[in-house]
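Visitor: Provided herewith is a single structure, encoded as structure tokens, for subsequent inquiry.
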Amino acid sequence: MNNYKFDELLLAADKPSRYIGAEVNSVYKDNAQVNFLLAFPDTYEVGMSHLGIKILYEILNAIPYVAAQRCFAPWPDREKQLRQGKLSLTSLETQMPLADFDIVGFSLQYELSYTNVLNMLELGGVPLRRSDRLDSNPLIIAGGPCCFNPAPLVDFIDAFVIGEGEEVVAEITAVVRNCKQNKFSRQESISLLAQIPGIYVPAVHNSNTVIKKRPGIDLNAWLYPAAPVVPLMQTVHDRIILEIARGCTRGCRFCQAGMIWRPYRERNSSALKEMAEILLASTGHDEISLL
Numbered sequence: 202m203n204n205y206k207f208d209e210l211l212l213a214a215d216k217p218s219r220y221i222g223a224e225v226n227s228v229y230k231d232n233a234q235v236n237f238l239l240a241f242p243d244t245y246e247v248g249m250s251h252l253g254i255k256i257l258y259e260i261l262n263a264i265p266y267v268a269a270q271r272c273f274a275p276w277p278d279r280e281k282q283l284r285q286g287k288l289s290l291t292s293l294e295t296q297m298p299l300a301d302f303d304i305v306g307f308s309l310q311y312e313l314s315y316t317n318v319l320n321m322l323e324l325g326g327v328p329l330r331r332s333d334r335l336d337s338n339p340l341i342i343a344g345g346p347c348c349f350n351p352a353p354l355v356d357f358i359d360a361f362v363i364g365e366g367e368e369v370v371a372e373i374t375a376v377v378r379n380c381k382q383n384k385f386s387r388q389e390s391i392s393l394l395a396q397i398p399g400i401y402v403p404a405v406h407n408s409n410t411v412i413k414k415r416p417g418i419d420l421n422a423w424l425y426p427a428a429p430v431v432p433l434m435q436t437v438h439d440r441i442i443l444e445i446a447r448g449c450t451r452g453c454r455f456c457q458a459g460m461i462w463r464p465y466r467e468r469n470s471s472a473l474k475e476m477a478e479i480l481l482a483s484t485g486h487d488e489i490s491l492l
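Here the sequence shown stands for residues 202 to 492, numbered as in the working numbering.
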């Protein structure tokens, strides 16, 4: 994007800090073999409060050949600017257009965000329906609790991750890297993704296929995030989030989270103490919430 035009538009946008990036602990990598966009289908204030995107951002950027960037749903005034100026929705880190990434990964946390997913794809210049996409278009992947019922979005998402994402993102990027190196077609790439355990691919799997969710990780072996991006503006949860446990022992039938994130796991006290000290030092926050 033309930098002059970008700056000019930001002056007229409400809360331009939503879009400029350059926060403390942002990661910039040149010449990556796989460019992965972490797309959160809600505003910056909401998305930057979500622990999952912070974890995946750090894990992905720790892979030498991967560059992970972030993108959030624009506020209506910003969307109007993009549409009127015929500009693409871009990443925060380098203002790379959404359509130029190899992978766009959406975090599906609640059903009301589904329309934002489609809106972001349209603003990014990516065909909404997966059947209309070409080899030059990015692979559109989704993860999060809503993927346990992928049916509403099967026409739009190329692959759904069923279960926890910490381990599977490395497997996904390895497949995409191999496909790029060997110049595989889009369909060949999608077929290879379908071979990864815990991934549902609508173009490959039929409605009778049983996809087992990814096994839960050992929280004491995955001490992420260590240096989360520090937002430039106040967010919904403007503090450190320290995950002390995952899952639930109650098993209430009305609660999705208590069922899908089994088994229940806790971090030990030494790991929590280490993480708290590292997070306080790397972010400058002075408040911690326990999750």
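Built from N, CA and C at the ideal position, the CB exists for glycine as well.
Being a predicted model, the structure only gives us computed values, none of them experimental.
Taking GLU367 as the reference, give the member of VAL411, ASN262, HIS438 with the closest Cα.
Guide: Along the sequence shown, one-based indexing puts residue 367 at 166. Per the Cα distances, ASN262.
Visitor: In the structure shown, what three-state DSSP assignment does TYR245 receive?
Guide: Here residue 245 corresponds to residue number 44 of the sequence shown, with the count starting at 1. Here TYR245 sits in helix by DSSP.
Visitor: On the DSSP bridge assignment, give the partners of VAL305 in chain order.
Guide: By 1-based counting over the sequence shown, the position of residue 305 is 104. According to DSSP, which records beta bridges pairwise, VAL305 is partnered with LEU238, ILE341.
Visitor: Specify the secondary structure class of VAL377 as computed by DSSP and reduced to three states.
Guide: Counted from its first residue, the sequence shown places residue 377 at position 176. Note: VAL377 maps to helix in three-state DSSP.
Visitor: Pick out whichever of ILE342, SER337, GLY399 has its Cα sitting closest to the Cα of PRO416.
Guide: By 1-based counting over the sequence shown, the position of residue 416 is 215. Closest by alpha carbon: GLY399.
Visitor: List, from N- to C-terminal side, the alpha helix (DSSP H) runs of 4 residues or more that fit wholly inside the segment 381-412.
Guide: 387-394
Visitor: With DSSP as the reference, please indicate the residues paired to VAL431 in a beta bridge.
Guide: Here residue 431 corresponds to residue number 230 of the sequence shown, with the count starting at 1. Paired residues: VAL225.
Visitor: How big is the Cα-Cα spacing for ALA240 and ALA375?
Guide: For the purposes of this step, residue 240 is taken as the residue at position 39 of the sequence shown. For the purposes of this step, residue 375 is taken as the residue at position 174 of the sequence shown. One C-alpha to the other measures close to 20 Å.
Visitor: Going straight from the alpha carbon of LEU329 to that of MET321, what length do you get?
Guide: The sequence position of residue 329 within the sequence shown is 128, counting from 1. The sequence position of residue 321 within the sequence shown is 120, counting from 1. So the two alpha carbons sit approximately 10 Å from each other.
Visitor: Mind checking THR484: buried by the 16 CB within 10 Å criterion, or exposed?
Guide: Your numbering for residue 484 matches position 283 in the sequence shown. It counts as buried.
Visitor: For PHE357, I'd like the list of residues in its chain whose CB is within less than 8 Å of its CB, leaving aside the five on either flank, ordered along the chain.
Guide: Here residue 357 refers to the residue found at position 156 of the sequence shown. Contacts found: VAL318, LEU319, LEU322, LEU329, ARG330, ARG331, ILE341.
Visitor: With 16 as the cutoff for other CB atoms within 10 Å, does GLY222 come out buried or exposed?
Guide: Your numbering for residue 222 matches position 21 in the sequence shown. Counting Cβ neighbours within 10 Å, GLY222 comes out buried, since at least 16 surround it.
Visitor: Taking buried to mean at least 16 other C-beta atoms within 10 Å of its own C-beta, is LEU473 buried or exposed?
Guide: In the sequence shown, the residue the question calls residue 473 occupies position 272. Counting of Cβ neighbours within 10 angstroms places LEU473 among the buried residues, the total reaching 16 or more.
Visitor: Pull up the DSSP beta-bridge partners for ARG466, would you.
Guide: To locate residue 466, count along the sequence shown from 1; it is residue 265. Its beta-bridge partners are ARG447.
Visitor: Which word fits ASP243, buried or exposed, when buried means at least 16 other C-beta atoms lie within 10 angstroms of its C-beta?
Guide: Position 42 of the sequence shown, counting from 1, holds the residue named residue 243. Classification of ASP243: buried, given that the 10 Å Cβ count is 16 or more.
Visitor: Bridge partners of THR291, per DSSP?
Guide: Counting from one through the sequence shown, the residue named residue 291 turns up at place 90. DSSP output for THR291 lists PRO298 as bridge partner(s).
Visitor: Whose CA, out of GLY459, ALA482, GLN388, lies closest to the CA of ARG494?
Guide: Lying outside 202 to 492, the shown extent of the chain, residue 494 is not represented and no answer is given.
Visitor: Could you compute how far the alpha carbon of ALA446 sits from the alpha carbon of ASN469?
Guide: Along the sequence shown, one-based indexing puts residue 446 at 245. Along the sequence shown, one-based indexing puts residue 469 at 268. So the two alpha carbons sit approximately 9 Å from each other.
Visitor: Short check: CB of ALA213 to CB of TYR220, under 8 Å?
Guide: Here the question's residue 213 lines up with position 12 in the sequence shown. Here the question's residue 220 lines up with position 19 in the sequence shown. Contact flag unset, no.
Visitor: For VAL267, which of helix, strand or coil comes out of DSSP?
Guide: Here residue 267 is taken as the residue at index 66 of the sequence shown, counted from 1. Three-state result, VAL267: strand.
Visitor: Measuring CA to CA, which of ILE461, CYS449, GLU475 is closest to TYR425?
Guide: As a first step, residue 425 is located in the sequence shown; it is residue number 224 there, counting from the start. Nearest option by C-alpha distance: GLU475.
Visitor: Could you tell me which of CYS380, ARG378, GLN310, VAL369 sits nearest to PHE349, measuring between CA atoms?
Guide: Taking the sequence shown and counting its residues from 1, one reaches residue 349 at position 148. Comparing Cα-Cα distances from PHE349 to each of CYS380, ARG378, GLN310, VAL369, the minimum goes to GLN310.
Visitor: Would LEU394 and ALA360 qualify as a contact pair, given that the criterion is a beta-carbon distance under 8 Å?
Guide: Residue mapping note: residue 394 aligns to position 193 of the sequence shown, counting from 1. Residue mapping note: residue 360 aligns to position 159 of the sequence shown, counting from 1. Yes, the pair counts as a contact, with Cβ atoms nearer than the cut-off.
Visitor: Assign PHE455 to one of two classes, buried (16 or more other C-beta atoms within 10 Å of its C-beta) or exposed (fewer than that).
Guide: Position 254 of the sequence shown, counting from 1, holds the residue named residue 455. Exposed is the call here.
Visitor: Under the rule that 16 or more other beta-carbon atoms within 10 Å means buried, what is SER292, buried or exposed?
Guide: The residue given as residue 292 occupies position 91 in the sequence shown. It counts as buried.
Visitor: Of the choices ASN232, MET249, LEU210, whose alpha-carbon is the least far from that of GLN435?
Guide: Walking along the sequence shown from the start, residue 435 turns up at place 234. When only C-alpha atoms are compared, the closest one is MET249.
Visitor: Go ahead and pull the three-state DSSP assignment for ILE363.
Guide: Taking the first residue of the sequence shown as 1, we reach residue 363 at position 162. Looking at ILE363 - three-state DSSP - the assignment turns out to be coil, as it is neither helix nor strand.
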